[in-house]
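One structure is given here, and the rest of the page talks about it.
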Amino acid sequence: MNWHGIGAIYRFEMARWKRTLWQSLITPVITTALYFVVFGTALGSRMSTMDGVSFGSFIVPGLTLLSVFMQSIFNASFGIYFPKFTGTIYELLSAPLSSFEAVLAYVGAAVTKSVLLAAVTLITATLFVHVELDHPLAMIFFLVGISSGFCLFGFAIGIWAKNFEQLQIIPMLFITPLTFLGGAFYSVKTLAEPWRTLTMFNPIVHLISGFRWSFYSVADVPVWSSVAVMLGLNALCLAVIAWMFRTGYRLKQ
Amino acid sequence: MSEPILSIRGLTKEYAGGVKALNAVDLDIRKGEIFALLGPNGAGKTTLINITCGIVSPSGGEILVEGRNWQTAFREARTRIGLVPQELTTDAFETVWSTVSFSRGLFGRPRDPKRIEDLLKRLSLWDKRKSMMMQLSGGMKRRVMIAKALSHDPDILFLDEPSAGVDVELRRDMWEMVRKLRDDGVTIILTTHYIEEAEEMADRVGVISKGQLIAVDDKASLMAKMGKKTLKISLNDPLDTVPDALAQWDVALEDRGNVLCYSFDAHAERTGIASLMSALSASGISYNDLSTHQSSLEDIFVELVHSGGKTL
């Protein structure tokens, strides 16, 4: 293993994150905090509980994950796309670094950023609403696993993208709507058929449900299903990235 | 000849769309030499370098780095190779220090601030170590690219058009640095458009055209084989045509008949100069000046490329 190479990329990515802290940490935290203020504090007191949890508390895991999804994709995709855009990718391709090591470094840094973002967001949430954490180890497991899945997804998007528009299009056009419709603000149990069944095909429902279960022990789907979707997302993205590196897809001529 | 440090066998590259950039190129690079790869734009120089460095996938052939396949033993091969690409591709917001340190780590070397300091001082970059890349001039960026390529102490250094866009002074400095690197045991392969650069520095020269290597030789022997000398005789009275008495020599008239040019092989046993001068006297052609001109590597390069190597 080229640990020095992995470390160099990891430090490089973290340094880039520190340079853009307003954009990559503070802005998403403030945006999410506004949701807590509006839906948690202002409107939450007038709304009924969800699965026995106050509305303000109920939305905390989903909104935290919304931030994590977006930033995981943006951070990981930008990390690999920018060297492609500037041409500095030549150095990565000519380095004694395997594709696994490159992914470990870029995705490792992106996961770190996402976990830090989630931690700051959750701490901020406690300033506005009551947050419980019934299963802390499960929460860490879900947070790292989900972050890793979306960072891998973002990394694949970064390799696939030919321009900055393509870099933004998947998170904005697909991930945000799927998250809003994936139970971030409500329990899918409250939906009427056939929407309730249809919603189950949205993988984000399973991810939010599992993450929320680790906080309040309430879930829309069985916990094993959440774990399976999370592991499946990681496996699928890894397989796609492995294929991209093996064939040199949009990396090598 | 000792075992080549780099051995290229049957290297072929056909890009999507059918453009054949390299056609079964065979090339051995000797340890410790400066090898200049010359060729017109689109000849395949950069493709050859990029395949060797792992940036472009080959369509066929293989490369051995000290006898080991560059793909199966990619870690060893790449650790030993440094590349200064043609384009000034840098991270605009990184400082000189951080980008050079990054390259060292990326190529598997542990952090070594002293080594980076020495390198930056050697390349006259020490004062700029805290500057962001976007604040540097083109010449300075070129130096940083070299520092990045040298940061992991490679045995083989590829310089793809190192003098592109740099001023004369910096070019001279760079030549000096390349010579020093060679003295330190680094094997250097450079591509250049400046034939003067190859003539000045290279031990051996390869000429590539349309994806084929059409000549590889020691610079001195290539110039001896291909080089011609021209004797220019300034006449007192201009001639309209070459007199029949001089037909047996390879002579031509220039400057509206005021100069008689004789091309000869400088390494031939008999150059024919003495007999030509006698023939001139016998024909009553008087002259007031004589000068000789040695063909340069540039002349040879142009002739080779135009003939597709057939003149060798």
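Top to bottom, those sequences are chains A and B.
For the first sequence, the working numbering begins at 873 and goes up steadily by one.
For the second sequence, the working numbering begins at 35 and goes up steadily by one.
Even for Gly, the Cβ is constructed at its ideal location relative to N, Cα and C.
Since the model is a prediction, treat every value here as computed from it, not as a measurement.
{"query": "Within chain B, the residues that I931(A) reaches when beta carbons sit closer than 9 Å", "result": "Correct list: empty, because the minimum Cβ distance to chain B is about 37 Å."}
{"query": "A880(A): contacting residues in chain B (beta-carbon distance under 7 Å)", "result": "F136, G139 and L140"}
{"query": "Rounded straight-line distance, which links the Cα of S944(A) to that of V1093(A)", "result": "24 Å"}
{"query": "Any chain A beta carbon closer than 8 Å to T275(B)", "result": "no"}
{"query": "Contact under 8 Å by Cβ, L122(B) with R43(B)", "result": "no"}
{"query": "Endpoints, beta strand (DSSP E) assigned at Q328(B)", "result": "Y321 to Q328"}
{"query": "Neighbour flag for Q1125(A) against chain B, beta carbons, 8 Å", "result": "yes"}
{"query": "Backbone secondary structure at A887(A) - three-state DSSP", "result": "helix"}
{"query": "Between the CA atoms of G1055(A) and I1012(A) - distance to the nearest angstrom", "result": "20 Å"}
{"query": "is_contact[L1005(A), chain B] using C-beta, thresh 8 Å", "result": "no"}
{"query": "Contact list for the stretch 184-212 of chain B against chain A, Cβ threshold 8 Å", "result": "none"}
{"query": "Rounded straight-line distance, which links the Cα of L1123(A) to that of I1042(A)", "result": "20 Å"}
{"query": "Sequence-distant residues of its chain with Cβ nearer than 6 Å to D252(B) (five each side left out)", "result": "R238"}
{"query": "Partners in chain B for R1122(A), counting only beta-carbon separations shorter than 8 Å", "result": "What R1122(A) touches in chain B: nothing, since even the nearest Cβ is about 12 Å away."}
{"query": "F136(B) and F1027(A) closer than 8 Å at C-beta", "result": "no"}
{"query": "Distance, D923(A) Cα to V1090(A) Cα", "result": "7 Å"}
{"query": "Per-residue contacts from A948(A) into chain B (C-beta, under 9 Å)", "result": "In chain order: nothing, as chain B lies at least about 18 Å away."}
{"query": "Same chain, Cβ closer than 8 Å to T113(B), five either side skipped, listed in chain order", "result": "F141, G142, H186 and P188"}
{"query": "Contiguous alpha helix (DSSP H) assignments of at least 4 residues, all confined to the stretch 952-994 of chain A", "result": "961-966"}
{"query": "Residues sharing a beta bridge with A286(B), DSSP", "result": "C295(B)"}
{"query": "Backbone secondary structure at Q895(A) - three-state DSSP", "result": "helix"}
{"query": "S971(A) vs F1083(A) beta-carbon contact at 8 Å", "result": "no"}
{"query": "Inter-stretch contact at 8 Å, needing at least 3 Cβ pairs: the stretch 939-959 of chain A / the stretch 1018-1035 of chain A", "result": "yes"}
{"query": "Limits of the unbroken beta strand (DSSP E) element including K155(B)", "result": "Looking at the DSSP string, K155(B) is not in any beta strand (DSSP E); the run it does join, the alpha helix (DSSP H), is P147 to R156."}
{"query": "Residue-chain proximity (C87(B), chain A), Cβ-Cβ < 8 Å", "result": "yes"}
{"query": "Through-space distance from T46(B) to K890(A), alpha-carbon basis", "result": "44 Å"}
{"query": "Within chain A, partners of L117(B) - CB distance below 9 Å", "result": "Y962, E963 and S966"}
{"query": "DSSP-derived helix/strand/coil call for T1069(A)", "result": "helix"}
{"query": "Cβ distance (whole Å) where L40(B) is taken to contact I97(B) below 8 Å", "result": "7 Å"}
{"query": "Within 8 Å, strictly: CB atoms of A126(B) and M168(B)", "result": "yes"}
{"query": "Range of the contiguous alpha helix (DSSP H) that encloses L1077(A)", "result": "Inspection of the sequence shows that residue 1077(A) is occupied by Val rather than by Leu. From DSSP, the alpha helix (DSSP H) with V1077(A) extends over P1075 to Y1088."}
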